[in-house]
Amino acid sequence: MKKIVLAYSGGLDTSVAIPWLIDKGYAVIAVALDVGQPDADMPAIQAKAKQVGAIESIVIDAKAEFADRFVAPVIKSNALYEGEYPLVSALSRPLIIEKLVAIAHEQDAQAIAHGSTGKGNDQVRFEAAIHALDPNLLIEAPIRDFHWSREEEIDYAKDHNVPVPIGKASPYSIDANLWGRANEAGVLEDPWTQAPADAWTMTAPVEETPDTPDFLELTFEHGIPTAIDGKPLPLFELIEHLNTLAGKHGIGRIDKIENRLIGIKSREVYEAPAAAVIMAAHKDLENLTLERDVAHYKPLIEQQLSTMIYEAKWISPLFDALMAFIDATQSVVNGVVKMKLFKGQATAVARQSENSLYNKDLATYTSADSFDQEAAAGFIKLWTLPATVFEQVNHIHAEEMNPHD
Ligand code: ARG
């Protein structure tokens with residue numbers, strides 16, 4: 001019998017996928033990854049896959065690996081798609097596929113299945129990673145193929161003994177992990193409708209946040225946060241801790257109209273409390289420690305990387321080369337940033353570093369000044385020389401000043 005490895009979440013879509021794949025003649029191996037999605041009951045997810053017909057159900061705790069190999073590069077590169085979205089869902093896809101492909105090889109499976117629709121980015125990310133890691137594997141995408149209405153899906157589930165969520169099903173489509181939560185569909189499909197209170201679960205509304213701020217000191221080593229208030233923590237735990245603390249202050253809400261790689265504009269709301277704190281702190285520490293030319297050039301690379309991660313190019317030579325550039329910049333990004341969490345904002349309020357390039361003797365306006373002010377006048381003459389010569393020859397600005405001459 002041919003075997004297939006299914007990326008399993010425990011939800012209705014990937015659960016009805018199991019009997020559907022069995023009907024197509026596959027023995028199904030379900031694989032669920034714990035990438036820090038809040039409230040995921042992994043033992044229950046594992047049991048459910050078996051209950052609906054998987055020959056095997058595997059759960060992998062991938063939280064530490066997800067943080068260290070996928071979130072860390074995003075922190076170092078301040079990566080935000082279109083300047084806003086911290087790439088939550090885009091990050092887990094390559095890791096999920098790595099695990100599925102390894103299991104397919106161990107178990108001599110011929111195919112991999114995922115539960116993405118045909119309208120989103122995730123199908124591209126899943127399949128790009130499968131093609132890159134083993135182009136001989138067949139791909140099944142039941143949700144994309146069966147075009148069922150919700151009612152038809154529920155009927156199919158009932159006919160095949162797949163438990164259907166009791167009561168009112170969630171009106172949204174959610175994907176979540178350590179780095180945040182993405183929420184789309186339902187009333188959110190109307191961009192003129194404000195996201196209702198129940199669209200948010202990780203963050204308090206700012207109207208209900210504490211009236212006193214929390215302060216915390218975030219230590220960075222080579223661009224990665226390693227301790228909170230001096231207490232060392234593995235990255236995944238540090239992120240979990242900050243999600244709770246910053247969520248309480250309503251930090252990290254994003255309501256975004258987004259350009260999907262398949263061409264559609266969509267409206268999505270995101271919550272990424274820890275990401276908002278860590279990225280603000282990291283950027284602040286870079287301001288203190290990166291040399292000016294590096295600081296000015298790095299955002300070009302960051303933007304390219306953000307787009308590549310979003311657009312399913314995590315596994316690509318350009319991605320690796322750009323990441324090597326980013327890594328080369330991070331050796332000096334060490335130090336401590338003091339963050340204030342208050343009323344929906346994470347703000348850097350103080351910072352220090354052994355690699356600090358801030359030189360008080362140069363910057364000060366007091367008598368301790370060691371900056372050579374005499375040198376400034378000559379410097380300015382040479383700095384402006386090219387534009388001065390151009391203007392003397394062409395009189396462009398002189399004519400604008402005196403249009404009637
Ligand atoms: N638009 C985001 C992305 O493409 C999130 C998609 C996650 N899916 C969801 N059901 N909300 O990365």
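Under the UniProt record's numbering, read the sequence shown as residues 1 to 405, first letter to last. Where a beta carbon is used, it is the ideal one built from N, C-alpha and C, also for glycine. From a predicted model like this one, the values you see are computed outputs, not experimental measurements.
Gln330 counts as buried, since at least 16 other C-beta atoms from the protein chains shown sit within 10 angstroms of its C-beta. Counting only runs that start and end inside the segment 263 to 342, the alpha helix (DSSP H) elements of at least 4 residues fall at 273 to 289, 292 to 310 and 317 to 329. Rounded to whole angstroms, the separation of the alpha carbons of Asp211 and Pro205 is 13 Å. When Cβ pairs closer than 8 Å are counted between the two stretches, the segment 99 to 108 is seen to touch the segment 30 to 37, the count reaching three or more. Counting only residues of its own chain and dropping the five nearest sequence neighbours on each side, Ile315 has a CB closer than 8 Å to the CB of Pro94, Ala128, Ala129, Ala132 and Leu133. For Ile174, the Cβ falls inside the 8 Å cut-off from some heavy atom of the ligand ARG. The nearest non-hydrogen atom of the ligand ARG is less than 8 Å from the C-beta of Gly120. Set against 8 Å, the gap from the CB of Glu84 to the closest heavy atom of the ligand ARG is not smaller. Just measuring C-alpha positions, the residue of Leu357, Gly115 and Ala272 sitting nearest Ala295 is Leu357.
Taking 8 Å as the cut-off, the C-beta of Glu268 counts as close to a heavy atom of the ligand ARG. In its own chain, leaving out the 5 sequence neighbours on each side, no residue places its CB closer than 6 Å to the CB of Ile264.
When the beta-carbon positions are compared, Ala27 and Ile112 stay at least 9 Å from each other.
Asp61: member of the beta strand (DSSP E) spanning Glu56 to Asp61, first to last residue. In the structure shown, Asn394 falls within a helical segment according to DSSP collapsed to helix, strand and coil.
DSSP places Asp159 in the uninterrupted alpha helix (DSSP H) bounded by Arg150 to Asp159. DSSP places Asp214 inside the beta strand (DSSP E), whose first and last residues are Asp214 to Glu221. If you compare the alpha carbons of Thr384, Met323, Arg125 and Trp179 with that of Gln304, the shortest gap goes to Met323.
A residue is called buried once 16 or more other Cβ atoms fall within 10 Å of its Cβ, and Asp122 is buried on that count. Looking at the DSSP output, Ser173 sits in a beta bridge with Glu184. Taking C-beta atoms as the reference points, Ala350 and Lys338 count as a pair closer than 9 Å. The secondary-structure analysis by DSSP pairs Lys3 across a beta bridge with Ala27. If you compare the alpha carbons of Ala79, Tyr85, Asp175 and Gly10 with that of Pro299, the shortest gap goes to Ala79. Relative to the non-hydrogen atoms of the ligand ARG, the Cβ of Val88 comes within a distance shorter than 8 Å of at least one. The beta carbon of Glu208 sits no closer than 8 Å to any heavy atom of the ligand ARG. With fewer than 16 other CB atoms across the displayed protein chains lying within 10 angstroms of its CB, Phe215 is exposed.
DSSP places Ala32 in the strand class (E or B) of the three-state scheme. In this structure, the ligand ARG has a non-hydrogen atom nearer than 8 Å to the beta-carbon of Glu184.
Glu127 has its Cβ no nearer than 8 Å to any heavy atom of the ligand ARG. Going by beta carbons, His241 and Ile251 fall outside the 9 Å limit.
For Arg150, the CB stays at least 8 Å from every heavy atom of the ligand ARG. When the alpha-carbon of Glu84 is set against those of Tyr365, Ala197, Leu290 and Lys256, the nearest one is in Lys256. Boundaries of the alpha helix (DSSP H) harbouring Asp361: Lys360 to Ala363, taken from the DSSP string.
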